Amino acid sequence: MSMPNRPDSLILRVTGHFLLPLLIMFSLFLLLRGHNEPGGGFIGGLVAAAAIALHLFFTSVQSARRLIWVDPRDLIGWGLCIAIASGLFGMFGGLPFLSALWVELSVPIFGMLKVGTPLLFDIGVYLVVIGTVLNILLALAEAEDA
Amino acid sequence: MLYALLGGFGVAALAPWLHQLFGRHSGWALALWPATLLVYFCGFLAGVNDGPVLIQHNWIPSLGIQLSFMVDGLSLLFAMLISGIGIFIVAFAGRYLEGHRDLGRFYTILLAFMASMLGLVLSDNLIALFVFWELTSITSYLLIGFNHEDAAARRSALQGLFVTVGGGLALMTGLIMLAMVGGSYELSSLLNQGDVIREHALYAPMLWLILLGAFTKSAQFPFHFWLPNAMAAPTPVSAYLHSATMVKAGVYLLARLNPALGGTELWLTVLGSVGAITLFIGIWLALRSTGIKKVLAYSTVMALGTLTMLIGLGTPLAVTAAMAFLLAHSLYKGALFMVAGIIDHETGSKDLRDTGGLFRAMPITAVVAGMAALSLAGVIPMFGFVAKELLFDAALKNAASWILALVIAGTIMTVAVGALVGFLPWYGALVKTKKQPHEAAPALLAGPVVLALLGLGFGIAAPWVDRMLLGAAATAVAGVPVDYPVSLWHGFNTPLLLSIISLIAGLLLYRWRHHFRHHTRFTETLARTGPERGYDLIMAALVRISAAQTRFFQSGYLRYYLLIVLLTFMALVWTVLLLHWPALSVGIHLQGIQLHEYVLVFVLMVAAVAAARTDSRLGAVASLGAVGFTVALLYVMFSAPDLGITQVLVETLTVILLVLVLFRLPKFLRLTSATLRLRDVFVASAVGITMTCLLLFAADARLYQSISHWHVAQSVPSGYGRNIVNVILVDFRALDTLGEIFVLALAATGVLAMIRLRAEDKRK
Numbered sequence: 092m093s094m095p096n097r098p099d100s101l102i103l104r105v106t107g108h109f110l111l112p113l114l115i116m117f118s119l120f121l122l123l124r125g126h127n128e129p130g131g132g133f134i135g136g137l138v139a140a141a142a143i144a145l146h147l148f149f150t151s152v153q154s155a156r157r158l159i160w161v162d163p164r165d166l167i168g169w170g171l172c173i174a175i176a177s178g179l180f181g182m183f184g185g186l187p188f189l190s191a192l193w194v195e196l197s198v199p200i201f202g203m204l205k206v207g208t209p210l211l212f213d214i215g216v217y218l219v220v221i222g223t224v225l226n227i228l229l230a231l232a233e234a235e236d237a
Numbered sequence: 068m069l070y071a072l073l074g075g076f077g078v079a080a081l082a083p084w085l086h087q088l089f090g091r092h093s094g095w096a097l098a099l100w101p102a103t104l105l106v107y108f109c110g111f112l113a114g115v116n117d118g119p120v121l122i123q124h125n126w127i128p129s130l131g132i133q134l135s136f137m138v139d140g141l142s143l144l145f146a147m148l149i150s151g152i153g154i155f156i157v158a159f160a161g162r163y164l165e166g167h168r169d170l171g172r173f174y175t176i177l178l179a180f181m182a183s184m185l186g187l188v189l190s191d192n193l194i195a196l197f198v199f200w201e202l203t204s205i206t207s208y209l210l211i212g213f214n215h216e217d218a219a220a221r222r223s224a225l226q227g228l229f230v231t232v233g234g235g236l237a238l239m240t241g242l243i244m245l246a247m248v249g250g251s252y253e254l255s256s257l258l259n260q261g262d263v264i265r266e267h268a269l270y271a272p273m274l275w276l277i278l279l280g281a282f283t284k285s286a287q288f289p290f291h292f293w294l295p296n297a298m299a300a301p302t303p304v305s306a307y308l309h310s311a312t313m314v315k316a317g318v319y320l321l322a323r324l325n326p327a328l329g330g331t332e333l334w335l336t337v338l339g340s341v342g343a344i345t346l347f348i349g350i351w352l353a354l355r356s357t358g359i360k361k362v363l364a365y366s367t368v369m370a371l372g373t374l375t376m377l378i379g380l381g382t383p384l385a386v387t388a389a390m391a392f393l394l395a396h397s398l399y400k401g402a403l404f405m406v407a408g409i410i411d412h413e414t415g416s417k418d419l420r421d422t423g424g425l426f427r428a429m430p431i432t433a434v435v436a437g438m439a440a441l442s443l444a445g446v447i448p449m450f451g452f453v454a455k456e457l458l459f460d461a462a463l464k465n466a467a468s469w470i471l472a473l474v475i476a477g478t479i480m481t482v483a484v485g486a487l488v489g490f491l492p493w494y495g496a497l498v499k500t501k502k503q504p505h506e507a508a509p510a511l512l513a514g515p516v517v518l519a520l521l522g523l524g525f526g527i528a529a530p531w532v533d534r535m536l537l538g539a540a541a542t543a544v545a546g547v548p549v550d551y552p553v554s555l556w557h558g559f560n561t562p563l564l565l566s567i568i569s570l571i572a573g574l575l576l577y578r579w580r581h582h583f584r585h586h587t588r589f590t591e592t593l594a595r596t597g598p599e600r601g602y603d604l605i606m607a608a609l610v611r612i613s614a615a616q617t618r619f620f621q622s623g624y625l626r627y628y629l630l631i632v633l634l635t636f637m638a639l640v641w642t643v644l645l646l647h648w649p650a651l652s653v654g655i656h657l658q659g660i661q662l663h664e665y666v667l668v669f670v671l672m673v674a675a676v677a678a679a680r681t682d683s684r685l686g687a688v689a690s691l692g693a694v695g696f697t698v699a700l701l702y703v704m705f706s707a708p709d710l711g712i713t714q715v716l717v718e719t720l721t722v723i724l725l726v727l728v729l730f731r732l733p734k735f736l737r738l739t740s741a742t743l744r745l746r747d748v749f750v751a752s753a754v755g756i757t758m759t760c761l762l763l764f765a766a767d768a769r770l771y772q773s774i775s776h777w778h779v780a781q782s783v784p785s786g787y788g789r790n791i792v793n794v795i796l797v798d799f800r801a802l803d804t805l806g807e808i809f810v811l812a813l814a815a816t817g818v819l820a821m822i823r824l825r826a827e828d829k830r831k
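Residue numbers (the working numbering), protein chains in the order written: chain Z, 92 to 237; chain H, 68 to 831.
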């Protein structure tokens, strides 16, 4: 398939292939550093979605769907579940829903890492954002093929 | 206690699997749960005469909402009835609906209903009580409409839901007013505030609202019509919801709130008259019906009217009578409904005219039905007799004479109804039925047998029942210690005389029932123009109004949607602004603005004008993009990098989306007239001015201390993060974010549905 009126650009294809993994890594980087520096689940999710949109532009809907290998609708569902689950941890300790819990882990190479439920929550946001954007994008692109 | 309630919902959720696990014995297996509960509640019996037991759990502490439970005589009586009758209902359903493909689902709803009902009667907190109240409405809706392929069942389910939930809305308002007036959401403390509440100016509106909730739920006139229609449900449901539990919820609420609200002239008048009218109409319609379940349903309406009337009287004698009547009714009505189910199951008939002489085929059922019917008719030595004696006594001593007359007339007709269900199907000539009748299975018989025997046993041991539970229940209703002697034999007195008269008159009425039906045909016309007709009219009007307003607002043109949204927005903003006009001030501070900031704003304005003026779609997209990116730049300059990044990304993705859509749009055409465009210019400018004014006022108004300092100070120590925006998003205000991602998910689903629908339309 190809979109109507879409030029087959060699430059777009070549740079796209290189940019895709970089953009995905960048989105993860934004997600993880979000708590201390500009970034976070929302921004990270948008970057990842933009990366896949780029892929969509120089390949096909099918290829983009294969690339994410889950239905974007499932991403939304899982994102919501993870976000809710992150809020439940505190409840087991008798705290209100969505109370943040933190643990310090010592990880080789990285040193001391603070890991907490807000990160989990942010991952949920990340997935929901990717799912939402891709859902709409892919549906539109598919509708165009039809 | 919490586990006893929430466990019910857990078992309900697991019911389909348990059903598969136990196969055809699932009814008995699941009946173990209410049996466990009954044993648990029996544990409270010993202390019930020492006053209420309070159990508290925090639920939403910041709103003062607690999951608190109160066990006193009243709630314990209800809890034991709900779980006790529940045992047999579940077992009965397992056999009655055996092989039905949705039996697992049925168990789930039934058990969830049971748990909601228990929550309702045990809650001490008004909000929790209301939540459980609505849960019973919803679960009963699902139960009534269980045969969802049947249009009549769907209609009845919807009718029950609308009537009870409509009343529920009024109830919620009333309960909130009650809590405001009484200064607490806890029943246990409200019940001691009776004098304060009754003196308050809000007493009358509050009472009307609460009564509306209770009357709709308990099918009081003029809302009685939904209850008999709800007989579209499978028989176990009718037996459970519409005799012993659901419809008693309204009565429970009235009884529960009697110490806080009762005792006034208004209470006495409204409850007394509504109850008495309901009583009479209910039993009248019962006698005119021929469907077995219809007869029983209308006689339930009678019982509910009687209870309302007795609670309205509110004297120690009357509340004792109410509690005795409630217990008696639950026992015999549960039994009779299950008997009706057995007749239906074993013979295939649902009408009294199609049955007769069944005694030979099913002697045990016949005897049991006879015992329950004797209790219904109030014949010694059944517990129904005790209840009826108390009813007469209370009506003689405390009620107005017209109410007494209605009570006596009602009792006479009740005797006739008792004969109708306890005698007619069983004796006389055998009527040929669809199926060859035979005795019912143990699972079906267990409930009626036990309940009928209890009706007999409680009658003989009436003083013991009173000592164990009934006295405590009456005390809880009255709010003061009640010690009215309850026993089977009160000696020769006026109530006994009335009993004998009504028994004889009732049997005569039964003998001449055909004449009665024939000569009361005129009420058919009344019924057709009655409250149910009102319900139909209201529903039809609702549909018409919805259709009209949908046509008006949902025109399908984007520009009209925008127009409506913007005009509403302006109207709301200006109303508020004008209301607070004197307090508003505008301070425009132009100093300190850098040159490049002026330039950016200028670019922004030019781009916006260009977007509005351009004739090409691509140009419009590009101009809007310019607006977006300039705003992003502004964010960055005012040190909000997160917002800036988000804005840039959203702009990028918007462009991608627009590009995907752009190809599909028709050519850019001018379809509107110059006048319309002038109107749009006017509206757009007005919105712009409104927004500007709002911002100017908002920038200068500071109603509360800014909380940004707190966020800045707390971000690292309690949020463990230096990015304040992110800490707010995922920690401090995570609940808001959670709501937002849900909205996002919903939006995605909506867009997906729209695109798919369009694609399908095109394919056709």
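Don't be surprised by glycine CBs; every beta carbon is placed ideally from N, CA and C.
This structure is a prediction, so every number in the text was calculated from the model and none was measured.
Judging by CA-CA distance, which residue of H/Ser613, H/Leu443, H/Thr816, H/Ala801 is the nearest neighbour of leucine 133 of chain Z? Counting from 1 along the first sequence, the entry for residue 133 of chain Z is found at position 42. Reading the sequence as shown, one finds phenylalanine at residue 133 of chain Z and not leucine. Checked all of H/Ser613, H/Leu443, H/Thr816, H/Ala801; the closest Cα to phenylalanine 133 of chain Z is H/Ala801.
Just to confirm my understanding: we take tyrosine 208 of chain H, look at its own chain, exclude 5 residues before and 5 after, and list those with CB closer than 7 angstroms. What are they? In the second sequence, residue 208 of chain H corresponds to position 141, counting from 1. Closer than 7 angstroms at the Cβ level, and outside the excluded window around tyrosine 208 of chain H, lie Ala224, Gly227, Leu228.
Based on the DSSP secondary-structure assignment, which residues constitute the bridge partners of lysine 205 of chain Z? The residue given as residue 205 of chain Z occupies position 114 in the first sequence. In the DSSP output, where bridge partners are listed per residue, lysine 205 of chain Z has Z/Glu195.
Taking the alpha-carbon positions, what's the alanine 484 of chain H to tyrosine 577 of chain H distance? Residue numbering aside, residue 484 of chain H sits at position 417 when the second sequence is read from its first letter. Residue numbering aside, residue 577 of chain H sits at position 510 when the second sequence is read from its first letter. Looking at the sequence shown, residue 484 of chain H is not alanine but valine. Taking the straight line joining both Cα atoms gives about 8 angstroms.
Measuring only the C-alpha atoms, how far is glycine 317 of chain H from threonine 283 of chain H? The residue labelled residue 317 of chain H in the question sits at position 250 within the second sequence. The residue labelled residue 283 of chain H in the question sits at position 216 within the second sequence. Cα to Cα, the separation comes out at about 8 angstroms.
With DSSP run on the structure shown, which of helix, strand or coil describes valine 120 of chain H? Along the second sequence, read from residue 1 onward, the residue named residue 120 of chain H stands at position 53. In this structure, valine 120 of chain H counts as strand in the three-state DSSP scheme.
Of all the CB atoms in chain Z, is at least one closer than 9 angstroms to the CB of tyrosine 787 of chain H? Numbered from its first residue, the second sequence carries residue 787 of chain H at position 720. Yes, because at least one Cβ of chain Z sits closer than 9 angstroms to the Cβ of tyrosine 787 of chain H.
Whole-number beta carbon distance between leucine 691 of chain H and tyrosine 702 of chain H, since they are thought to touch under 8 angstroms: Looking up residue 702 of chain H in the second sequence gives position 635. Looking up residue 691 of chain H in the second sequence gives position 624. Actually they are not in contact, since the Cβ atoms of tyrosine 702 of chain H and leucine 691 of chain H sit about 17 angstroms apart, beyond 8 angstroms.
Mind checking if isoleucine 712 of chain H is an interface residue toward chain Z, Cβ cutoff 9 angstroms exclusive? Locating residue 712 of chain H in the second sequence gives position 645, where the first residue counts as 1. Chain Z contact via Cβ: present.
Does any CB atom of chain Z fall closer than 9 angstroms to the CB of leucine 69 of chain H? Within the second sequence, the letter at position 2 stands for residue 69 of chain H. By this cut-off, leucine 69 of chain H is not an interface position.
Could you check whether the Cβ of leucine 111 of chain Z sits closer than 9 angstroms to any Cβ belonging to chain H? The residue labelled residue 111 of chain Z in the question sits at position 20 within the first sequence. For leucine 111 of chain Z, the answer is no, since every Cβ of chain H falls outside 9 angstroms of its Cβ.
Can you list the residues of chain H that aspartate 213 of chain Z reaches, using a CB-CB cut of under 7 angstroms? As a working note, residue 213 of chain Z is residue 122 in the first sequence. Residues of chain H passing the Cβ test: Val797.
Let me see if you follow: with CB-CB separation under 9 angstroms, is tryptophan 193 of chain Z close to chain H or not? As a working note, residue 193 of chain Z is residue 102 in the first sequence. Judged by the 9 angstroms Cβ criterion, tryptophan 193 of chain Z is in contact with chain H.
Inter-residue spacing [alpha-carbon to alpha-carbon] between alanine 370 of chain H and leucine 393 of chain H: Residue mapping note: residue 370 of chain H aligns to position 303 of the second sequence, counting from 1. Residue mapping note: residue 393 of chain H aligns to position 326 of the second sequence, counting from 1. Near 8 angstroms, if we compare the C-alpha coordinates of leucine 393 of chain H and alanine 370 of chain H.
In the DSSP assignment, the alpha helix (DSSP H) including serine 177 of chain Z goes from what residue to what residue? Looking up residue 177 of chain Z in the first sequence gives position 86. Residues 163-183.
Grab the span of the alpha helix (DSSP H) containing proline 530 of chain H for me, first residue to last. The sequence position of residue 530 of chain H within the second sequence is 463, counting from 1. Residues 529-532.
Where the stretch 716-727 of chain H meets chain Z: residues whose CB sits under 8 angstroms from a CB there: Leu716, Val717, Thr719, Leu720, Ile723, Leu724, Leu727
Can you confirm whether phenylalanine 809 of chain H, when its beta carbon is compared against all beta carbons of chain Z, has any partner nearer than 9 angstroms? In the second sequence, residue 809 of chain H corresponds to position 742, counting from 1. By this cut-off, phenylalanine 809 of chain H is an interface position.
When DSSP builds the beta bridges, which residues end up paired with aspartate 418 of chain H? The residue labelled residue 418 of chain H in the question sits at position 351 within the second sequence. Paired residues: H/Gly358.
What is the DSSP secondary structure of isoleucine 127 of chain H, counted as helix, strand or coil? Here residue 127 of chain H refers to the residue found at position 60 when the second sequence is read from its first residue. It is a strand residue.
For the alpha helix (DSSP H) that glutamate 266 of chain H lies in, which residues bound it at each end? By 1-based counting over the second sequence, the position of residue 266 of chain H is 199. Per DSSP, glutamate 266 of chain H belongs to the alpha helix (DSSP H) from 261-266.
Thinking leucine 487 of chain H and leucine 574 of chain H are a contact (beta carbons under 8 angstroms), I'd like their distance in whole angstroms, please. Position 420 of the second sequence, counting from 1, holds the residue named residue 487 of chain H. Position 507 of the second sequence, counting from 1, holds the residue named residue 574 of chain H. Contact flag wrong, Cβ pair sits at about 11 angstroms.
Counting only Cβ pairs nearer than 8 angstroms, list the residues of chain H close to phenylalanine 44 of chain Z. Because residue 44 of chain Z is not part of the residues shown, which for chain Z are 92 to 237, the question remains open.
Residues from the stretch 218-232 of chain Z in contact with chain A, defined by Cβ distance under 8 angstroms: Among the protein chains in the structure shown, which are Z and H, there is no chain A.
Could you please give the first and the last residue of the uninterrupted alpha helix (DSSP H) stretch that includes leucine 294 of chain H? Taking the first residue of the second sequence as 1, we reach residue 294 of chain H at position 227. Residues 293-296.
Quick one: does the C-beta of proline 129 of chain Z sit closer than 8 angstroms to a heavy atom of the ligand SAH? As for the ligand SAH, it is missing from this structure, which has no ligand bound.
Look at the Cβ atom of leucine 145 of chain Z, then the Cβ atom of leucine 111 of chain Z, and state whether they are nearer than 9 angstroms. To locate residue 145 of chain Z, count along the first sequence from 1; it is residue 54. To locate residue 111 of chain Z, count along the first sequence from 1; it is residue 20. Closer than 9 angstroms, so yes.
Cβ neighbour criterion (16 or more within 10 Å) applied to proline 301 of chain H: By one-based count along the second sequence, residue 301 of chain H stands at place 234. Buried, since its Cβ has 16 or more Cβ neighbours within 10 Å.
What's the C-alpha gap between leucine 218 of chain Z and leucine 604 of chain H? Indexing the first sequence from 1 puts residue 218 of chain Z at position 127. Indexing the second sequence from 1 puts residue 604 of chain H at position 537. Answer to the nearest angstrom: the Cα atoms are 49 angstroms apart.
Tell me which residues share the same chain as lysine 501 of chain H and place their Cβ nearer than 6 angstroms to its Cβ, disregarding the 5 neighbours each side in the sequence. Residue 501 of chain H sits at position 434 when you count from the first residue of the second sequence. For lysine 501 of chain H, where only same-chain residues beyond five positions count, the Cβ hits under 6 angstroms are Gly415.
Under 7 angstroms by beta carbon: chain H residues contacting proline 129 of chain Z: Here residue 129 of chain Z refers to the residue found at position 38 when the first sequence is read from its first residue. Neighbours of proline 129 of chain Z on chain H, chain order: Pro708, Asp709, Ile712, Asn790.
Taking the straight line between their C-alpha atoms, what separation do you get for glycine 74 of chain H and alanine 528 of chain H? Indexing the second sequence from 1 puts residue 74 of chain H at position 7. Indexing the second sequence from 1 puts residue 528 of chain H at position 461. Taking the straight line joining both Cα atoms gives about 34 angstroms.
Tyrosine 307 of chain H vs isoleucine 156 of chain H beta-carbon contact at 9 angstroms: Mapped onto the second sequence, residue 307 of chain H falls at position 240. Mapped onto the second sequence, residue 156 of chain H falls at position 89. Going by C-beta atoms, tyrosine 307 of chain H is nearer than 9 angstroms to isoleucine 156 of chain H.
For phenylalanine 705 of chain H, count neighbouring Cβ atoms within 10 angstroms of its own Cβ and tell me buried if that reaches 16, exposed if not. Position 638 of the second sequence, counting from 1, holds the residue named residue 705 of chain H. Classification for phenylalanine 705 of chain H: exposed.
For methionine 480 of chain H, count the other beta carbons within 10 Å of its own beta carbon; 16 or more makes it buried, fewer makes it exposed. Which is it? Numbered from its first residue, the second sequence carries residue 480 of chain H at position 413. Per the 10 Å Cβ criterion, buried.
C-alpha gap between glycine 212 of chain H and leucine 178 of chain H, whole angstroms: What you label residue 212 of chain H is simply residue 145 of the second sequence in a count that begins at 1. What you label residue 178 of chain H is simply residue 111 of the second sequence in a count that begins at 1. Going by the C-alpha atoms only, they are around 16 angstroms apart.
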